[in-house]
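Asks: Below is one structure. I have some questions about it.
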Amino acid sequence: MPAQVITITSGKGGVGKTTAVANLGVALASSGSKVVCIDGDIGLRNLDVILGLENRIVYDIVDVIEGRCRLKQAMIRDKKLPLLHLIPAAQTRDKNAVSPSDMNRLVKDLRNECEFVLIDSPAGIERGFRNAIAGADRVLVITNPEVSAVRDADRVIGILEAEDKGPGALILNRLNPSLVRSKDMLSPDDVLDLLAIELIGIVPEDENVIISSNRGSPVAFDQKSRAGQAFRNIARRLKGESVPFIDWENQGGLWERIQRLAGRK
Amino acid sequence: MTETNSLIQIKGLRDGLLVALDDAPWEIQRAAFLGQVDSQPAFFKGARLALDVASQVLRVDDLVELRDQLSERGIFLWAVISESPTTEQTAQLLGLATRISKPRPEETRQFSVEDLGEDTALFLNRTLRSGTRIEFAGHVVVFGDVNPGAEIVAEGNVIIWGRLRGMVHAGSKGNKDAAICALDLSPTQLRIADESSAILKPQQSPKPEIARINAEGKLQAEFWSVG
Numbered sequence: 001m002p003a004q005v006i007t008i009t010s011g012k013g014g015v016g017k018t019t020a021v022a023n024l025g026v027a028l029a030s031s032g033s034k035v036v037c038i039d040g041d042i043g044l045r046n047l048d049v050i051l052g053l054e055n056r057i058v059y060d061i062v063d064v065i066e067g068r069c070r071l072k073q074a075m076i077r078d079k080k081l082p083l084l085h086l087i088p089a090a091q092t093r094d095k096n097a098v099s100p101s102d103m104n105r106l107v108k109d110l111r112n113e114c115e116f117v118l119i120d121s122p123a124g125i126e127r128g129f130r131n132a133i134a135g136a137d138r139v140l141v142i143t144n145p146e147v148s149a150v151r152d153a154d155r156v157i158g159i160l161e162a163e164d165k166g167p168g169a170l171i172l173n174r175l176n177p178s179l180v181r182s183k184d185m186l187s188p189d190d191v192l193d194l195l196a197i198e199l200i201g202i203v204p205e206d207e208n209v210i211i212s213s214n215r216g217s218p219v220a221f222d223q224k225s226r227a228g229q230a231f232r233n234i235a236r237r238l239k240g241e242s243v244p245f246i247d248w249e250n251q252g253g254l255w256e257r258i259q260r261l262a263g264r265k
Numbered sequence: 266m267t268e269t270n271s272l273i274q275i276k277g278l279r280d281g282l283l284v285a286l287d288d289a290p291w292e293i294q295r296a297a298f299l300g301q302v303d304s305q306p307a308f309f310k311g312a313r314l315a316l317d318v319a320s321q322v323l324r325v326d327d328l329v330e331l332r333d334q335l336s337e338r339g340i341f342l343w344a345v346i347s348e349s350p351t352t353e354q355t356a357q358l359l360g361l362a363t364r365i366s367k368p369r370p371e372e373t374r375q376f377s378v379e380d381l382g383e384d385t386a387l388f389l390n391r392t393l394r395s396g397t398r399i400e401f402a403g404h405v406v407v408f409g410d411v412n413p414g415a416e417i418v419a420e421g422n423v424i425i426w427g428r429l430r431g432m433v434h435a436g437s438k439g440n441k442d443a444a445i446c447a448l449d450l451s452p453t454q455l456r457i458a459d460e461s462s463a464i465l466k467p468q469q470s471p472k473p474e475i476a477r478i479n480a481e482g483k484l485q486a487e488f489w490s491v492g
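These protein sequences, in sequence, are chains B and L. The numbering used here numbers the first residue of the first sequence as 1 and each following residue consecutively. The numbering used here numbers the first residue of the second sequence as 266 and each following residue consecutively.
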């Protein structure tokens with residue numbers, strides 16, 4: 001079966017695109033699918049660091065496009081998770097080194113190689129973003145429950161609709177249930193009300209995400225982490241399973257009560 | 266010559282020229298096009314050119330030859346658009362783009378209507394997302410929401426069957442009788458003619474409202490009620 005090509009984008013920077021690609025890559029590969037992650041953020045590459053593959057880069061995406069190496073030579077295989085592959089971005093070039101038709105060709109070559117191609121988009125709505133969505137079958141828009149991030153997500157969804165890439169599906173990242181309860185943060189309902197697209201996952205705020213990113217071992221490896229669980233659920237939904245949404249708002253309350261009882265807060 | 270010239274259409278694009286050829290034999294088209302280029306060298310010199318060759322089947326040699334001939338004339342061929350998969354593949358092999366980005370429809374859209382009567386309205390059957398700007402020389406009706414970051418500028422009235430959370434300017438050419446209605450009037454900013462107002466607060470349970478310029482000349486919103 002040819003691969004599903006999924007681009008993760010947001011408009012705004014820093015909302016968790018790269019973290020999401022790394023974690024979905026890990027979660028999909030752990031469940032037995034062959035995955036190729038592509039870092040589309042040429043000039044500001046990060047995905048290799050989060051996946052802990054930085055020291056293994058020999059060739060990058062621009063080398064493939066400009067014909068300096070074969071596609072397979074640029075695919076770095078994760079040693080812990082042999083089904084997970086990364087095509088890193090070039091750090092010494094910029095977005096103009098790649099065109100949307102280059103991306104289309106690259107993705108076409110990858111389709112018969114694996115089950116999922118995950119493309120990490122750069123922030124913004126310019127060339128790099130257009131490259132990242134060019135070959136996508138499906139686009140996941142990621143946002144935080146913040147007014148500015150939601151505004152940018154809305155803009156991106158508008159562009160996706162105009163480019164016939166469908167409205168996409170939404171990942172709401174870094175939700176803090178206690179802030180939502182005290183009405184200091186937008187709730188999932190507020191966000192969905194405005195964006196009016198399908199929700200594919202809610203990832204709660206979890207400090208383990210930062211800790212594990214810094215270690216180069218995505219949080220989806222961590223069976224105890226709530227964020228890791230949320231990413232694994234999204235991966236299952238991408239594979240067509242129907243996984244019920246965890247009710248973070250209430251779960252968080254209970255969890256915090258337990259934490260308070262245990263004297264941890 | 267005039268006959269072959271009519272086969273060629275030249276349009277200006279955001280980032281260069283688009284030359285559209287039709288299905289006449291390639292050699293004739295190519296000669297006609299180059300003839301046209303040579304008759305107006307100043308116009309074409311330095312241009313970025315996208316070529317729409319319809320369903321023409323072109324091989325690598327054809328395109329390489331044309332590209333070289335164009336570059337001799339100071340024209341940069343960057344894209345070849347075709348309905349034929351063979352041609353598309355050829356173009357990709359040569360590193361040419363095969364799609365030119367569509368003019369972004371989410372950006373400014375200006376609708377022009379000739380011979381505008383008083384009752385002309387633009388009906389938009391969708392939600393306007395952030396970054397959309399609609400300008401219209403009549404009334405605007407939206408069946409959907411107007412999200413924050415979207416803008417509507419209309420010379421007449423604006424009616425929104427949905428939530429208004431973006432910016433709306435009604436009566437933009439100075440019509441002080443224009444009105445703005447929405448099921449939930451929580452805009453980032455409202456303007457009617459030269460009056461503007463940004464003091465509307467979002468409500469807990471929204472009710473339909475209508476905003477107008479009142480007798481004192483100030484912009485005012487009132488709840489709509491039956492009768």
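No residue lacks a Cβ here, since even glycine has one placed at the ideal position from N, Cα and C.
How is N233 of chain B classed by DSSP in three states: helix, strand or coil?
Replies: Three-state result, N233 of chain B: helix.
Asks: Check whether the Cβ atoms of V139 of chain B and L160 of chain B lie closer than 8 Å to each other.
Replies: Cβ distance < 8 Å, so V139 of chain B and L160 of chain B count as in contact.
Asks: Using DSSP's beta-bridge definition, name the partner residues of S121 of chain B.
Replies: Bridge partners of S121 of chain B: none, in fact.
Asks: Quick one: is L387 of chain L buried, meaning 16 or more other Cβ sit within 10 Å of its Cβ, or exposed?
Replies: With 16 or more other Cβ atoms within 10 Å, it is buried.
Asks: Hey, could you find the ends of the alpha helix (DSSP H) V488 of chain L is sitting in?
Replies: As written in the sequence, residue 488 of chain L is Phe, which differs from the Val given in the question. Not the alpha helix (DSSP H): F488 of chain L falls in the beta strand (DSSP E), residues 484 to 488.
Asks: Output the distance between the C-alpha atoms of D206 of chain B and I246 of chain B, rounded to the nearest integer angstrom.
Replies: Approximately 15 Å, taken between the alpha carbons.
Asks: Who pairs with T143 of chain B in a beta bridge, going by DSSP?
Replies: Answer is B:L172, bridged to T143 of chain B.
Asks: Could you tell me whether the Cβ of R105 of chain B comes closer than 8 Å to any Cβ of chain L?
Replies: By this cut-off, R105 of chain B is an interface position.
Asks: Excluding sequence positions up to five away, which residues of its chain have a Cβ less than 6 Å from the Cβ of K483 of chain L?
Replies: Around K483 of chain L: no qualifying Cβ.
Asks: Can you grab the Cα-Cα spacing for the pair G158 of chain B / V322 of chain L, in whole Å?
Replies: Their backbone Cα atoms lie some 35 Å apart in a straight line.
Asks: Using only CA atoms, which one of B:D109, B:R111, B:C114, B:D189 lies nearest to E146 of chain B?
Replies: When each option's Cα is compared against that of E146 of chain B, the closest is B:D189.
Asks: What span of residues does the alpha helix (DSSP H) with L448 of chain L cover, start to end?
Replies: Note, L448 of chain L: premise wrong, no alpha helix (DSSP H); beta strand (DSSP E) at 445 to 450.
Asks: Between the Cα of G228 of chain B and those of B:L238, B:P244, B:I202, spot the shortest distance and give me the residue it belongs to.
Replies: Among B:L238, B:P244, B:I202, the Cα nearest to that of G228 of chain B belongs to B:I202.
Asks: With distance defined between alpha-carbon atoms, name the residue in B:G25, B:N214, B:I61, B:S31 nearest to A132 of chain B.
Replies: Nearest option by C-alpha distance: B:I61.
Asks: Output the residue ranges of the alpha helix (DSSP H) runs that lie fully inside the stretch 30 to 79 of chain B and measure 4 residues or longer, sorted by chain position.
Replies: Listed in chain order, they are 47 to 50, 61 to 65, 71 to 74.
Asks: Going by CA-CA distance only, name the one from B:S101, B:P244, B:K17 that's closest to A149 of chain B.
Replies: Ranking B:S101, B:P244, B:K17 by Cα distance to A149 of chain B puts B:K17 first.
Asks: Quick check on this structure: which residue in L:A362, L:I365, L:F401, L:R428 has the alpha carbon closest to the alpha carbon of L393 of chain L?
Replies: Closest by alpha carbon: L:R428.
Asks: Please report whether the beta-carbon of G396 of chain L lies at a distance below 8 Å from any beta-carbon of chain B.
Replies: Interface residue, yes.
Asks: If A319 of chain L and I365 of chain L are in contact, beta carbons under 8 Å, what's the gap, nearest whole angstrom?
Replies: A319 of chain L to I365 of chain L, Cβ: 15 Å. No contact.
Asks: If you draw a straight line from the C-alpha of R477 of chain L to the C-alpha of N144 of chain B, how long is it?
Replies: Looking at the two C-alpha atoms, the distance is approximately 36 Å.
Asks: From E487 of chain L to I445 of chain L, what distance separates their C-alpha atoms?
Replies: Using only the alpha carbons, I get a separation of about 11 Å.
Asks: Kindly list, in the order they appear in chain B, the residues whose Cβ is closer than 7 Å to that of T363 of chain L.
Replies: Here the neighbours are S101.
Asks: Among residues of its own chain, excluding the 5 on either side of M185 of chain B, which ones have a beta-carbon nearer than 7 Å to its beta-carbon?
Replies: Around M185 of chain B: P145, N176, L179.
Asks: Does the distance from the C-beta atom of D154 of chain B to that of S395 of chain L stay below 8 Å?
Replies: Cβ atoms of D154 of chain B and S395 of chain L: closer than 8 Å.
Asks: Skipping 5 residues on each side, what residues in its chain have a beta carbon closer than 6 Å to that of V256 of chain L?
Replies: Within the shown structure, residues of chain L are numbered from 266 to 492, placing residue 256 of chain L beyond reach of any answer.
Asks: Using C-beta distances below 7 Å, list every residue in its chain close to I200 of chain B, excluding the 5 sequence neighbours before and after it, in chain order.
Replies: Excluding residues within five positions, the ones whose Cβ falls inside 7 Å are L140, A169, L170, I171, I234, R237.
Asks: Measuring CA to CA, which of B:S121, B:Q73, B:D137, B:A22 is closest to I156 of chain B?
Replies: It should be pointed out that residue 156 of chain B corresponds to Val in this sequence rather than to Ile. Out of B:S121, B:Q73, B:D137, B:A22, B:S121 has the C-alpha closest to the C-alpha of V156 of chain B.
Asks: Give me the Cα-Cα distance between G128 of chain B and T19 of chain B, rounded to the nearest whole angstrom.
Replies: Their backbone Cα atoms lie some 18 Å apart in a straight line.
Asks: Would you mind reading off the limits of the beta strand (DSSP E) that contains T9 of chain B?
Replies: It spans 4 to 9 - the beta strand (DSSP E) in which T9 of chain B sits, taken as one unbroken run.
Asks: Since D317 of chain L is in the beta strand (DSSP E), which residue starts that stretch and which ends it?
Replies: Here the beta strand (DSSP E) through D317 of chain L covers 313 to 317.
Asks: So within the stretch 184 to 209 of chain B, which uninterrupted alpha helix (DSSP H) runs reach at least 4 residues, ignoring any that extend past its ends?
Replies: If we require 4 residues or more, the alpha helix (DSSP H) runs fully inside the stretch 184 to 209 of chain B come out as 188 to 195.
Asks: Report the residue from L:A415, L:D410, L:L331, L:I399 whose alpha carbon sits nearest the alpha carbon of G421 of chain L.
Replies: With distances taken between Cα atoms, G421 of chain L lies closest to L:I399.
Asks: Tell me the DSSP secondary structure of N23 of chain B in three-state form.
Replies: Looking at N23 of chain B - three-state DSSP - the assignment turns out to be helix.
Asks: At a Cβ threshold of 8 Å, is E371 of chain L touching chain B?
Replies: Caution applies to E371 of chain L, whose pLDDT of 45 falls short of 50 and renders its modelled position unreliable; the value that the coordinates give is listed next. With 8 Å as the cut-off, E371 of chain L counts as an interface residue toward chain B.
Asks: Straight-line CA distance for E113 of chain B to R338 of chain L?
Replies: Each residue's alpha carbon lies about 43 Å from the other.
Asks: Under a three-way DSSP split, which group does I87 of chain B fall into?
Replies: If DSSP states are grouped into helix, strand and coil, I87 of chain B belongs with the strands.
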